[in-house]
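Numbering (this note's numbering), first residue to last: 1 to 410.
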């Protein structure tokens, strides 16, 4: 029996309405209990905050595309090196660390649960193998269904029960936690060198639209009573003026479950752009936050951009190709037959670049304008907007207007 007593803990637990109350916490065999024996190990937590373990609800840490990111950028792997120390493994990598590097760095920030944002079902074994070497966190993965041929054929036939059956079988077979849609229909169009510009464009050769894919899969998800809502990476990511597509997509989502949200919209910063091009590029965070405030069935995450080097990786292959044409840097494209794909390029977000600076501001605006903190999650879409080690800095920006003003002044 292992016993632990944390004394003088300044506890913050929003779920239970505890806000900076000082108390003692008794733990036996990993569970909080009323009291422990006098033989318990004692930790004096005076002067430190004590919080529930952090959950990163959308991150890219394990799987084939993450590994592509590691070996296509040896300069990144030479950064962030740490030596072996006692039972801890040596690590390397900055924006795309090794699996142990991910685990140790998340643990240093108090994170105990990680949700891999996109796992191709055909490549699930690789993801789960890397989970085994992420030792300090509970790990889960979203399975990708955005370009699944069987799903699209069932949607074309207006057969929601068949959609649900395919989802149920796939999740069980690949041991996934939830459903993920990335640029629905667009990833399939990319197999033919095409894309869809928004939710009403037909997917080549399937006679369905992204709107039909989204609504059918959301309905199937709730029909199955799955433990989490659909994760949606909207169409048209990273394109000036894409906020209209984002609002149109969010408007599709019915309130099917009174006990929880029906949709989790990922990295919305990348989908909150106004303007007709890069010259008049601007923020449209306000109309999106206003819409989310009116729809309790929708949860978003920030997808915050921070300045510096990182690696972008996503199942949204056509978006990564467009990004490659902007940056002219290394580019990887990957096709997973009948299911999905991926793209990867390294990027540098510059403080003195107007577009990058507006992107930085949009993520903060979304979080600050969303009235319910339960409807906006803290993420960087790691590593796309920034490596997850930037989370403490983002928290400081959100909590301190003085700090935000100082950053704006630079």
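Backbone N, C-alpha and C fix where the C-beta goes; we use that ideal spot for every residue, glycine too.
Computed from a prediction, not measured in an experiment: that's the story for all the values here.
Is it right to say residue i is buried, meaning 16 or more other beta carbons lie within 10 angstroms of its own, or is it exposed?
i           : result
residue 352 : exposed
residue 22  : exposed
residue 276 : exposed
residue 279 : exposed
residue 172 : exposed
residue 377 : buried
residue 220 : buried
residue 86  : exposed
residue 46  : exposed
residue 326 : exposed
residue 386 : buried
Less than 7 Å between the C-beta atoms of residue i and residue j, yes or no?
i           : j           : result
residue 412 : residue 56  : The requested residue 412 is not part of the displayed model; the chain covers only 1 to 410.
residue 241 : residue 199 : no
residue 253 : residue 244 : no
residue 367 : residue 302 : yes
residue 389 : residue 31  : no
residue 51  : residue 27  : no
residue 289 : residue 370 : yes
residue 256 : residue 222 : yes
residue 394 : residue 69  : no
residue 107 : residue 136 : yes
residue 235 : residue 178 : no
residue 340 : residue 146 : yes
residue 80  : residue 71  : no
residue 346 : residue 329 : yes
residue 170 : residue 121 : yes
residue 196 : residue 124 : no
Return the bridge partner residues of residue i from the DSSP annotation.
i           : result
residue 3   : 28
residue 310 : 347
residue 336 : 340
residue 85  : 88
residue 54  : 111
residue 265 : 232 and 300
residue 106 : In the DSSP output, where bridge partners are listed per residue, residue 106 has none listed.
Taking C-alpha atoms, which residue in the options lies nearest to residue i?
i           : options               : result
residue 2   : 37, 257 and 21        : 37
residue 166 : 175, 148, 177 and 269 : 148
residue 266 : 227, 11 and 304       : 304
residue 140 : 228, 384, 201 and 219 : 228
residue 231 : 312, 359 and 298      : 298
residue 375 : 101, 383, 264 and 185 : 264
residue 237 : 183, 210, 190 and 372 : 183
residue 338 : 205, 270 and 400      : 205
residue 450 : 364, 379 and 391      : For the chain, the structure presents residues 1 to 410; residue 450 sits outside this window and is missing.
residue 258 : 225, 270 and 282      : 225
residue 97  : 82, 158, 260 and 111  : 82
residue 128 : 111, 152 and 66       : 66
residue 381 : 373, 300 and 323      : 300
residue 416 : 77, 90, 117 and 103   : The structure shown does not extend to residue 416, since the chain is modelled only from 1 to 410, so the question has no answer here.
Which same chain residues, not among the five before or five after residue i, have their C-beta less than 6 Å away from its C-beta?
i           : result
residue 130 : 62 and 99
residue 154 : 162 and 163
residue 309 : 348
residue 404 : 397
residue 342 : 65, 315 and 334
Ignore the nearest five residues each way along the sequence and tell me which others in residue i's own chain have a CB closer than 8 Å to its CB.
i           : result
residue 207 : 156
Residues in its own chain within less than 7 Å of residue i by CB, not counting five upstream and five downstream?
i           : result
residue 40  : 3, 4 and 5
residue 361 : 283
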